[in-house]
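Asker: First residue of the sequence shown: 3, per our numbering; consecutive thereafter. For glycine and all other residues, C-beta sits at the position ideal for the given N, C-alpha and C. Mind looking over this structure? Questions follow.
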Amino acid sequence: MARYLRPLLPLLLILPLILGFSSPAWSSPDNAAELVQPSGQVLLALEPESIEFSTDLVQVDPDPDPVLLELTIWQAVFLTFLTVFVAEMGDKTQMATMLMSAQSKSPWVIFWGSASALIAASLVSVLLGEGVAQIIPTQMLQRGAAVGFIGIGLYVLWSQWHERRESTVIKDEEFGDLSDHG
3 MARYLRPLLP LLLILPLILG FSSPAWSSPD NAAELVQPSG QVLLALEPES IEFSTDLVQV
63 DPDPDPVLLE LTIWQAVFLT FLTVFVAEMG DKTQMATMLM SAQSKSPWVI FWGSASALIA
123 ASLVSVLLGE GVAQIIPTQM LQRGAAVGFI GIGLYVLWSQ WHERRESTVI KDEEFGDLSD
183 HG
């Protein structure tokens, strides 16, 4: 199954980006759109004149004067669904659900259990995200998330390096010095 999905993976990864940048502009005659969070953070600006290029960061002009648009409820639902759906493809949750449904006599029970667990986890994430954003500035949250992801990546790299190093030592101990038998 994975070999059939391999050609689709790049498309599935790029599709939310394409839809995310184009959907707010669908209803804009000037092709200028901006999605502003309640915290005031600009998530999307599609007006090229409003972007100033710097050597170290891309900064958005604080007063670009674009046509402000809000996503319709259905556009927001669709984009969120598509983004989460693509992000969840092939992760541990999907693999566990697939394994349980393959072993179960009633796969629909597994579906409803998995779906309700994902809904509950999403609810917790939304409530925590909204609550934390009221207390901690968004920029600090983004930096904290970046540090967390870098930390996880370094831990995974270290554990793989350590595991390979241990397996090499174990192999050397099992076989001993092969030059004596030569």
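#1: Quick one, which of Gly155, Thr99, Ala104, Glu132 has its alpha-carbon nearest Ala119's?
#2: Under 6 Å Cβ to Cβ from Gly150, same chain only, skipping five residues before and after it: list those, please.
#3: Here's the rule I'm using: 16 or more other beta-carbon atoms within 10 Å means buried, otherwise exposed. How should Leu73 be labelled?
#4: Below 6 Å CB to CB, which residues in the same chain sit around Glu165 once its five sequence neighbours on both sides are set aside?
#5: Rounded to whole angstroms, what's the CA-CA distance from Trp114 to Val128? Just pull it up for me.
#6: Consult DSSP for Ser116 and reduce its assignment to one of helix, strand or coil.
#7: Just checking my contact of Pro109 with Ser103 at CB under 8 Å: how many whole Å lie between their CB atoms?
#8: According to DSSP, simplified to helix, strand and coil, what is Ser169?
#9: Leaving out the 5 sequence neighbours to the left and right, which residues in its chain are closer than 8 Å to Leu101 when beta-carbon positions are compared?
#10: Indicate the three-state DSSP secondary structure (helix, strand or coil) for Thr74 in the structure shown.
#11: Is Ser2 near Val86, with beta carbons less than 9 Å apart?
#12: Considering only their Cβ atoms, is the gap separating Ile154 from Gly146 smaller than 9 Å?
#13: Rounded to a whole number of angstroms, what is the C-alpha to C-alpha distance between Gln96 and Gln105?
#14: What three-state label does DSSP hand Lys94 in the structure shown?
Answerer: Concretely, from the data shown:
#1: What you label residue 119 is simply residue 117 of the sequence shown in a count that begins at 1. The residue with the shortest Cα to Cα distance from Ala119 is Thr99.
#2: Residue mapping note: residue 150 aligns to position 148 of the sequence shown, counting from 1. Once the five neighbours on either side are set aside, Gly150 has no close Cβ partner at all.
#3: Taking the first residue of the sequence shown as position 1, residue 73 is located at position 71. By the 10 Å Cβ count, Leu73 comes out buried.
#4: Working through the sequence shown from its first residue, we reach residue 165 at position 163. Contacts found: none.
#5: In the sequence shown, counting from the first residue as 1, residue 114 sits at position 112. In the sequence shown, counting from the first residue as 1, residue 128 sits at position 126. Roughly 21 Å separates the two Cα atoms.
#6: Indexing the sequence shown from 1 puts residue 116 at position 114. Residue state, collapsed to three classes: helix.
#7: Here residue 109 refers to the residue found at position 107 of the sequence shown. Here residue 103 refers to the residue found at position 101 of the sequence shown. Correct: roughly 4 Å between the Cβ atoms.
#8: Here residue 169 refers to the residue found at position 167 when the sequence shown is read from its first residue. For Ser169, the three-state secondary structure derived from DSSP is helix.
#9: Translated into positions along the sequence shown, residue 101 becomes position 99. Residues of the same chain with their beta carbon placed closer than 8 Å to that of Leu101 are lacking, with the five preceding and five following residues left out of the count.
#10: One-based indexing of the sequence shown puts residue 74 at position 72. Coil, per DSSP.
#11: Residue coverage of the chain in this structure runs from 3 to 184, which leaves residue 2 outside it and unanswerable.
#12: If you number the sequence shown from 1, residue 146 lands on position 144. If you number the sequence shown from 1, residue 154 lands on position 152. Not closer than 9 Å, so no.
#13: By 1-based counting over the sequence shown, the position of residue 96 is 94. By 1-based counting over the sequence shown, the position of residue 105 is 103. Going from the Cα of Gln96 to the Cα of Gln105 covers about 14 Å.
#14: Indexing the sequence shown from 1 puts residue 94 at position 92. Secondary structure at Lys94: helix, using DSSP grouped into helix, strand and coil.
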